[in-house]
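Enquirer: Below you'll find the structure I mean.
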């Protein structure tokens, strides 16, 4: 145990959810909790979302969905899993009422063949250009027909896609392809309860992308896409603050108890600053279990708290600054924080 910790502001997370729901209404909100809720802690985050009235949780995979059910997220809340491997435990998923995002006929046949009690809840995926699975336009009618043939074993709940959110023109094209695919499916006799394609950025920027449901991950944690777009400009609050104690001070250098073994990027050396007592100091080097900062003659002492990133309210760098300076995105930084770093929930 290094003494470093990530403080998770659950009240800020809930306020973000409230702001997002207001923004996207009347569309529903799916709170995405993949990658241990973006490194923020799966179960506490999911429980706050449910308590806030969010009706959909995006788990990414079946194992995470089953963990949520076991932890008490009951079937009045829909759980959606879409990363499906060749040997999934579909029987348990169906019995737990986990919605499944399906891209191929083989997946449909596997789901139908497990002999589970009850019907599977299925969302068919059309590929609209991102090529992150999903059926292409040529294969789409056959996928829909096969799902309809298996009506006694599965319920067609949703139709969905991923869009790139890279440019308005590309997203407009993807949305048009999506509507065309839905029309084809309806012409074949399919009826869907929910249509969903937007993630964080499109759910905020494009009313025409919201449809019935939006899937929001990064924005709910107060993580913005960068490029000059800050959480504050979106009306959101950063949820995580990452701190570590000062272990020693010698010859103008302070040793901080967090390193690349904890997920601190080595590229932070010479590029980033951290804050101690509201004053920023440059990071000079990053080691396995520690990092060094140049404090000069400042009155920094052993056991002081260094803040690597947070909301910025006490002089510290924000996650946005880390991402922009190091040429990455905030999601990468928070999800790479080691599980050995305790998450403290407030």
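Numbering (the numbering used here), first residue to last: 974 to 1319.
The C-beta atom is built at its ideal place from N, Cα and C for all residues, glycine as well.
Nothing here was measured: the structure is a model prediction, and the numbers come from that model.
What residue range is occupied by the uninterrupted beta strand (DSSP E) comprising residue 1266?
Expert: 1264–1267 is the span of the beta strand (DSSP E), which, as asked, contains residue 1266.
Enquirer: Are the beta-carbon atoms belonging to residue 1006 and residue 1187 less than 7 angstroms from one another?
Expert: No. Outside cutoff.
Enquirer: Which value, in whole angstroms, describes the spacing of the CA atoms of residue 1105 and residue 1272?
Expert: Residue 1105 and residue 1272: Cα-Cα distance of roughly 52 angstroms.
Enquirer: Measure the beta-carbon distance from residue 1244 to residue 1298 and round it to whole angstroms, keeping in mind my assumption that it falls under 8 angstroms.
Expert: Contact flag correct, Cβ pair sits at about 5 angstroms.
Enquirer: Measure the C-alpha to C-alpha separation of residue 1111 and residue 1306 and round it to an integer number of angstroms.
Expert: Their Cα atoms are separated by approximately 39 angstroms.
Enquirer: Per DSSP, what kind of secondary structure is residue 1128 in: helix, strand or coil?
Expert: Note: residue 1128 maps to strand in three-state DSSP.
Enquirer: Can you tell me where the alpha helix (DSSP H) holding residue 987 begins and where it ends?
Expert: It spans 983–997 - the alpha helix (DSSP H) in which residue 987 sits, taken as one unbroken run.
Enquirer: I need the boundaries of the alpha helix (DSSP H) containing residue 1035, first residue and last residue.
Expert: First-last of the alpha helix (DSSP H) with residue 1035: 1035–1043.
Enquirer: So what does DSSP say about residue 1291, is it helix, strand or coil?
Expert: Residue 1291 falls in the strand class under three-state DSSP.
Enquirer: Start and end of the beta strand (DSSP E) containing residue 1214?
Expert: Counting along the chain, the beta strand (DSSP E) containing residue 1214 begins and ends at 1213–1223.
Enquirer: Pick helix, strand or coil for residue 1255, following the three-state DSSP scheme.
Expert: Correct three-state label for residue 1255: strand.
Enquirer: If you count every other CB in all the chains shown that lies within 10 Å of the CB of residue 1047, and 16 or more means buried, which is it?
Expert: Residue 1047 should be labelled exposed.
Enquirer: So, are the CB atoms of residue 1302 and residue 1264 less than 7 angstroms apart?
Expert: Not closer than 7 angstroms, so no.
Enquirer: Within a Cβ cutoff of 6 angstroms, which residues of the same chain sit near residue 1012, ignoring the five residues on either side of it in sequence?
Expert: Closer than 6 angstroms at Cβ, skipping near neighbours: 1307, 1308 and 1310.
Enquirer: At the level of alpha carbons, what is the spacing between residue 1029 and residue 1275?
Expert: Between residue 1029 and residue 1275, the C-alpha separation is close to 46 angstroms.
Enquirer: Along the chain, where does the alpha helix (DSSP H) containing residue 1191 start, and where does it finish?
Expert: That residue, residue 1191, is in no alpha helix (DSSP H); it is neither H nor E in DSSP.
Enquirer: Rounded to a whole number of angstroms, what is the C-alpha to C-alpha distance between residue 1116 and residue 1077?
Expert: Cα to Cα, residue 1116 sits roughly 6 angstroms from residue 1077.
Enquirer: Can you list, in chain order, the stretches of the beta strand (DSSP E) that have 3 or more residues and sit fully within the stretch 1011–1085?
Expert: Whole beta strand (DSSP E) segments, 3+ residues: 1029–1033, 1051–1054 and 1071–1075.
Enquirer: If you drop the 5 nearest sequence neighbours on each side, which residues of the same chain put their C-beta closer than 7 angstroms to that of residue 1246?
Expert: Correct list, in chain order: 1253, 1254, 1255, 1256 and 1290.
Enquirer: Let me check one thing: in DSSP terms, what residues is residue 1280 bridge-paired to?
Expert: Answer is 1216 and 1248.
Enquirer: Quick check: the Cα distance between residue 1021 and residue 1318, rounded to an integer number of angstroms?
Expert: Distance between the alpha carbons of residue 1021 and residue 1318: 11 angstroms.
Enquirer: Answer yes if the stretch 1149–1164 comes into contact with the stretch 1190–1204, meaning at least three C-beta pairs across the two stretches below 8 angstroms, and no otherwise.
Expert: These segments do not touch.
Enquirer: Can you give the Cα-Cα distance for residue 1122 and residue 1151, rounded to whole angstroms?
Expert: When rounded, the distance between both Cα atoms is 22 angstroms.
Enquirer: Nearest to residue 1219 by CA position, among 1248, 1148, 1059 and 1132, is which residue?
Expert: Ranking 1248, 1148, 1059 and 1132 by Cα distance to residue 1219 puts 1248 first.
Enquirer: Can you check which of these residues, 1118, 1114, 1119 and 1102, is closest to residue 1135 by C-alpha distance?
Expert: Residue 1135 has its Cα closest to that of 1102, out of 1118, 1114, 1119 and 1102.
Enquirer: To the nearest angstrom, report how far apart residue 1100 and residue 1053 are at their CA atoms.
Expert: Near 18 angstroms, if we compare the C-alpha coordinates of residue 1053 and residue 1100.
Enquirer: Out of 1016, 1166, 994 and 1176, state which residue places its alpha-carbon closest to the alpha-carbon of residue 1039.
Expert: With distances taken between Cα atoms, residue 1039 lies closest to 1016.
Enquirer: Quick check: what's the CA-CA separation for residue 1168 versus residue 1258?
Expert: Cα to Cα, residue 1168 sits roughly 49 angstroms from residue 1258.
Enquirer: Between which two residues does the alpha helix (DSSP H) harbouring residue 1152 extend?
Expert: Where residue 1152 is concerned, the enclosing alpha helix (DSSP H) stretches over 1141–1160.
Enquirer: Following the continuous beta strand (DSSP E) through residue 1006, name the residue where it begins and the one where it ends.
Expert: Looking at the DSSP string, residue 1006 is not in any beta strand (DSSP E), and its letter there is neither H nor E.
Enquirer: List the whole-angstrom C-beta distance separating residue 1269 from residue 1214, where the pair is believed to meet the contact cut-off of C-beta under 8 angstroms.
Expert: Not a contact, Cβ separation roughly 25 angstroms.
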